[in-house]
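So the sequences go chain by chain: A and C.
The first sequence runs 8 to 624 under the numbering used here.
The second sequence runs 256 to 338 under the numbering used here.
See below for the structure under consideration.
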Amino acid sequence: MSGTVPLVALVGNPNSGKSSLFNALTGARQKIANYPGVTVERKSGRTALPDGRPVELLDLPGAYSLQPDSLDEAVTRDVVLGKFAGQRRPDALVIVVDAGNLDNHLRFAIELIGQGLPVVIALNMVDLAERDGLEIDPTVLADELGVPVVSTVAVRKRGLERLLSMLSEVLSQSRPDEVDAPENRKQITDRAHRIAKRAIISETQGRQWTKRLDAILLHPVGGVAILLALLFVMFQAVYGWSEAPIGWIESGFSALTETINAQMPNGILRSFLTDGVIAGVGSVVVFLPQILILFLFILLLEATGYMTRAAFVMDRMMAAVGLSGHSFIPLLSSFACAIPGIMATRSIMDQKERLATILIAPLMTCSARLPVYTLIIGAFIPAQNIGPGIGMQGLVLFALYLFGIVGAMLAAAVIQRFVTQSRSSSFLIEMPRYQLPRPSDIALGLWQRAWVFLRRAGTIIFVATVILWALLSFPKVPVNSTQSQVEYSIAGRIADGIEPIIRPIGFNHDIALALIPAMAAREVAVSALGTAYAIDAEDEEQAAMSLGPQLAAKWSLATALAFLAWFIFAPQCISTIAVTRRETNGWKWPIFMVVYLFALAYAAAGITYWTAVSFGL
Amino acid sequence: MSLVQLDDLPLNSQARVRTIDWAAIPESEGHRLRSLGLEEGVEVEALHKGILLWRDPIAVRVGRMRIAMRRKVASAIFCELSK
């Protein structure tokens with residue numbers, strides 16, 4: 008360890024509270040990246056030992072053993088064994104063990120101790136174990152296992168100092184030379200059970216919160232009703248709670264525009280700043296509140312332990328289309344963003360089911376579609392209440408989500424039947440105890456998501472809007488021309504080429520224009536429209552008018568609905584296509600995905616348009 | 256000694272796993288079952304069965320853990336009811 012900061016890996020079963028412990032130890036100073044060559048998230052952070060020495064902590068993916076079932080678990084095994092190219096072997100391990108599930112978690116701990124690295128065991132969630140009536144003697148564990156054991160409650164930061172001082176001790180000891188002869192699985196299991204039995208001093212019934220909650224949440228009928236109600240509340244909240252913060256962001260950007268207009272002479276630079284940068288980036292950043300509300304729900308569902316119950320409730324319905332409850336979790340994450348959703352499919356053991364889930368993940372209405380949906384709904388659907396707490400706009404949004412889900416299920420059925428030709432899916436999952444999430448864990452998760460989104464707004468979306476602004480601003484329309492600037496520009500001429508293709512499904516020239524940059528990311532469609540109309544505005548007054556009313560004045564309702572239908576299906580996100588390529592190791596499946604989704608989008612928009620027209624809309 | 260298939264175990268009754276027909280379970284699921292600690296000799300309890308009109312999936316307590324699985328796999332697991 009000459010000169011370098013010691014590297015300590017946190018290892019443990021899924022649901023051992025490992026990530027909470029990692030958060031409690033490192034705070035907000037975390038680095039999130041990928042392991043070289045694979046898309047498994049690598050979380051690391053620094054903390055200081057009691058003597059002031061820094062250590063680098065690595066949060067390894069949860070695993071049940073060193074015989075991996077999934078890509079995540081393979082990463083954990085390779086890092087622990089020092090076989091991972093581009094990642095140095097840890098100098099010590101903190102093995103995180105759930106005190107309430109000793110028998111099972113000790114098996115992995117025994118296996119890990121056998122690898123010969125210096126080890127400290129964090130006996131985590133002792134408070135929950137006590138709640139369930141379990142009393143455990145850590146000294147018995149330490150004696151039996153021959154390594155230091157520290158009781159911790161990560162969510163209350165209990166035991167952390169002792170954990171770090173133990174860590175400091177084992178790091179200064181030399182590595183034990185002799186490694187225990189590897190035991191077979193049966194021997195490990197028996198030993199784990201024996202040790203658990205000795206370490207548990209008393210066991211009473213406890214209050215059995217999990218059992219009581221499961222009786223309600225997994226009720227054959229009630230459980231389904233609760234899940235549906237929860238999803239409905241979630242999507243209503245995305246609308247209802249975001250109104251005020253969106254207003255603040257909007258007035259912030261318009262104040263900025265006014266300041267620039269007052270300070271700078273009219274010219275190309277001012278147009279670039281206000282019409283290009285602020286109109287473009289601003290119209291996307293404005294959706295941050297909605298994205299955060301959605302992620303808040305998903306993080307809460309995961310942290311409380313409800314997510315696996317939702318998978319249980321959904322399993323039979325997913326089985327009908329050849330998927331399983333396993334697919335439900337990645338698909339629900341895809342409502343926030345398809346990229347973490349597609350990455351979460353790595354926990355699906357069945358490879359055919361995994362592929363089918365990846366292919367339909369983009370059909371889940373991700374947060375990038377929200378800007379588009381919000382704009383169109385806000386412009387065309389009246390903000391009426393059709394019942395207590397049920398708004399017309401929220402209902403339309405709910406319907407759009409529902410169409411995406413139904414489309415995805417039909418697509419899954421067809422894909423599993425004809426493409427992957429899967430015979431049956433499987434479902435096998437641990438359901439953790441319920442627990443109250445730690446607010447700071449949720450806050451940290453939200454902050455990380457917000458940062459990723461803003462970085463995107465600052466890079467991809469910024470570049471796309473600047474390019475679009477240039478395409479829209481040049482060449483300058485001659486003063487005496489009857490054409491508008493938009494029609495005369497380069498972008499206008501490209502859109503002229505696309506227009507005949509999309510004219511049959513009710514799309515106009517503006518939409519053709521918005522679809523070009525929206526290939527990079529869907530939400531750019533909004534900023535593209537924003538930029539286009541800002542430039543086309545004849546006077547200040549018209550430019551100040553917000554985008555929604557301008558669209559309402561220019562588009563028919565049938566066109567607006569067709570536009571929404573298009574965005575339910577269209578695979579317009581370069582990042583999703585890229586992550587699909589990476590996760591499926593080739594171009595075959597991303598190309599398949601893009602083709603079938605565009606075909607669906609075209610058909611859906613066409614059907615919507617002509618149905619609406621026939622109803623006289 | 257009469258054995259009961261895990262999917263037929265009455266709700267809230269406890270049993271001990273005696274034999275598992277590993278050949279009837281796909282390999283990846285068998286591996287995951289073992290990872291989750293479902294092996295011969297372990298104590299189990301049927302907790303929940305099915306959703307709406309289906310009797311699938313089921314939730315089982317295995318030792319101190321709760322596991323959800325499909326009936327198809329559960330029917331390959333034979334247990335002896337505890338007194």
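Glycine residues also receive a C-beta, built at the ideal position from the N, C-alpha and C atoms.
Examine the ligand COA and report whether any of its heavy atoms sits within less than 8 Å of the Cβ of I393/A.
Only the bare structure without any ligand can be found here, which leaves the ligand COA out of the picture.
Under a CB-based cut-off of 9 Å, is S328/C close to chain A?
Numbered from its first residue, the second sequence carries residue 328/C at position 73. Here residue 328/C is Val; the residue named in the question, Ser, does not match the sequence. Yes, V328/C lies at the interface with chain A (some Cβ there is under 9 Å from its Cβ).
T615/A and L568/A look like a contact to me (Cβ under 8 Å); what is the Cβ gap, rounded to whole Å?
Here residue 615/A is taken as the residue at index 608 of the first sequence, counted from 1. Here residue 568/A is taken as the residue at index 561 of the first sequence, counted from 1. About 5 Å; that satisfies the 8 Å criterion.
Taking only beta carbons into account, state which residues of the segment 420–441 of chain A come closer than 9 Å to chain C, listed in chain order.
S431, S432, S433, F434, L435, I436, E437, M438, P439 and R440
Mind checking which residues open and close the beta strand (DSSP E) that includes L370/A?
Mapped onto the first sequence, residue 370/A falls at position 363. Where L370/A is concerned, there is no enclosing beta strand (DSSP E), given that its DSSP letter is neither H nor E.
Using a Cβ cut-off of 9 Å (strictly closer), state whether I332/C contacts chain A.
In the second sequence, residue 332/C corresponds to position 77, counting from 1. Judged by the 9 Å Cβ criterion, I332/C is not in contact with chain A.
Got a sec, what are the start and stop residues for the beta strand (DSSP E) L65/A sits in?
As a working note, residue 65/A is residue 58 in the first sequence. L65/A -> beta strand (DSSP E) spans P61 to D66.
Are the C-beta atoms of W277/C and some chain A residue less than 9 Å apart?
What you label residue 277/C is simply residue 22 of the second sequence in a count that begins at 1. Chain A, which has no Cβ nearer than 9 Å to the Cβ of W277/C, makes this no.
Assigned exposure category for I598/A - 16 Cβ within 10 Å defines buried
Along the first sequence, read from residue 1 onward, the residue named residue 598/A stands at position 591. The residue in question, I598/A, is exposed, as its Cβ has fewer than 16 Cβ neighbours within 10 Å.
How about Y408/A and F514/A: are their beta carbons less than 9 Å apart?
Along the first sequence, one-based indexing puts residue 408/A at 401. Along the first sequence, one-based indexing puts residue 514/A at 507. No. Outside cutoff.
For F425/A, count neighbouring Cβ atoms within 10 angstroms of its own Cβ and tell me buried if that reaches 16, exposed if not.
Within the first sequence, the letter at position 418 stands for residue 425/A. The residue is exposed, with fewer than 16 neighbouring Cβ atoms inside 10 Å.
Contacting residues, own chain, Cβ-Cβ under 7 Å from M8/A (five flanking each side not counted):
Residue 8/A sits at position 1 when you count from the first residue of the first sequence. Here M8/A scores only 44 on pLDDT, less than 50, and its place in the model is too uncertain to base an answer on.
Excluding the 5 residues preceding and the 5 following A363/A in the sequence, name in chain order all residues of the same chain whose CB lies nearer than 8 Å to its CB.
On the first sequence, residue 363/A is found 356 positions in, with the first residue counted as 1. Counting only Cβ-Cβ distances below 8 Å, and skipping sequence neighbours, we find G329, L330, S334, A419, I422, Q423, V426, T427 and S429.
Given a cut-off of 9 Å, decide if R49/A and Q94/A are closer than it, judged by their beta-carbon atoms.
Translated into the one-based positions of the first sequence, residue 94/A becomes position 87. Translated into the one-based positions of the first sequence, residue 49/A becomes position 42. In this structure, R49/A lies closer than 9 Å to Q94/A by Cβ.
Between the segment 61–72 of chain A and chain C, which residues of the former have CB atoms less than 8 Å from a CB of the latter, in chain order?
Y71 and S72
Alpha helix (DSSP H) runs wholly inside the segment 76–107 of chain A, at least 4 long, in chain order
78–88
Where A477/A sits in the DSSP three-state scheme
As a first step, residue 477/A is located in the first sequence; it is residue number 470 there, counting from the start. Note: A477/A maps to helix in three-state DSSP.
Say whether the segment 376–386 of chain A touches the segment 524–537 of chain A, bearing in mind that this needs 3 or more beta-carbon pairs closer than 8 Å, one atom from each stretch.
yes
Taking the alpha-carbon positions, what's the R440/A to M320/C distance?
Residue numbering aside, residue 440/A sits at position 433 when the first sequence is read from its first letter. Residue numbering aside, residue 320/C sits at position 65 when the second sequence is read from its first letter. Distance between the alpha carbons of R440/A and M320/C: 8 Å.
Helix, strand or coil at A7/A according to DSSP, with G and I counted as helix
Nothing can be reported for residue 7/A, as the shown portion of chain A is limited to 8 through 624.
Same chain, Cβ closer than 8 Å to E437/A, neighbours up to 5 away in sequence not counted:
Start at 1 with the first residue of the first sequence, and residue 437/A comes out as number 430. P21, N22 and T315, listed in sequence order.
CA-CA distance, L307/C and L178/A?
Looking up residue 307/C in the second sequence gives position 52. Looking up residue 178/A in the first sequence gives position 171. Going from the Cα of L307/C to the Cα of L178/A covers about 54 Å.
Tell me which residues share the same chain as P524/A and place their Cβ nearer than 6 Å to its Cβ, disregarding the 5 neighbours each side in the sequence.
In the first sequence, counting from the first residue as 1, residue 524/A sits at position 517. Contacts found: A471, L475, V531 and A535.
Pairing CB atoms from the segment 321–337 of chain C with CB atoms from the segment 265–276 of chain C, are three or more of them under 8 Å?
yes
Quick one: residues in its chain with C-beta nearer than 6 Å to the C-beta of V586/A, no 5 flanking neighbours on either side, listed in chain order?
Start at 1 with the first residue of the first sequence, and residue 586/A comes out as number 579. So the qualifying residues of the chain are I346 and I349.
Cα-Cα, which of T54/A, L113/A and G19/A is closest to P13/A?
By one-based count along the first sequence, residue 13/A stands at place 6. When each option's Cα is compared against that of P13/A, the closest is T54/A.
Can a CB atom of chain C be found closer than 9 Å to the CB of G140/A?
On the first sequence, residue 140/A is found 133 positions in, with the first residue counted as 1. It does not; no Cβ of chain C falls within 9 Å.
Name the chain A residues whose beta carbon is nearer than 8 Å to that of D311/C?
Translated into positions along the second sequence, residue 311/C becomes position 56. Neighbours of D311/C on chain A, chain order: D322, R323 and A326.
Say whether the segment 291–306 of chain A touches the segment 452–464 of chain A, bearing in mind that this needs 3 or more beta-carbon pairs closer than 8 Å, one atom from each stretch.
yes
Amino acids of chain C, ordered along the chain, whose beta-carbon sits closer than 8 Å to that of T196/A
By one-based count along the first sequence, residue 196/A stands at place 189. Result: G292 and E294.
Looking at D322/A: is its Cβ nearer than 9 Å to the Cβ of F434/A?
Within the first sequence, numbered from 1, the residue matching residue 322/A stands at position 315. Within the first sequence, numbered from 1, the residue matching residue 434/A stands at position 427. Yes, Cβ-Cβ distance for D322/A and F434/A is below 9 Å.
For E118/A, which of D139/A, R84/A and C344/A has the nearest alpha-carbon?
Position 111 of the first sequence, counted from the start, is the residue given in the question as residue 118/A. Residue R84/A is the option with its Cα nearest to E118/A.
Note the first and the last residue of the continuous beta strand (DSSP E) segment covering I313/C.
Here the question's residue 313/C lines up with position 58 in the second sequence. I313/C -> beta strand (DSSP E) spans I313 to V317.
Quick one: list the residues of chain C neighbouring V231/A, beta-carbon separation under 7 Å, in chain order.
Walking along the first sequence from the start, residue 231/A turns up at place 224. Going along chain C in sequence order, the residues near V231/A (Cβ under 7 Å) are I306 and L307.
Other residues of its chain near M173/A: CB distance less than 6 Å, five sequence neighbours each side excluded
Residue numbering aside, residue 173/A sits at position 166 when the first sequence is read from its first letter. Counting only Cβ-Cβ distances below 6 Å, and skipping sequence neighbours, we find V127, P155 and V157.
Identify the residues that DSSP records as bridge partners of I128/A: which are they?
For this step, residue 128/A is matched to residue 121 along the first sequence. Paired residue(s): I102/A and V156/A.
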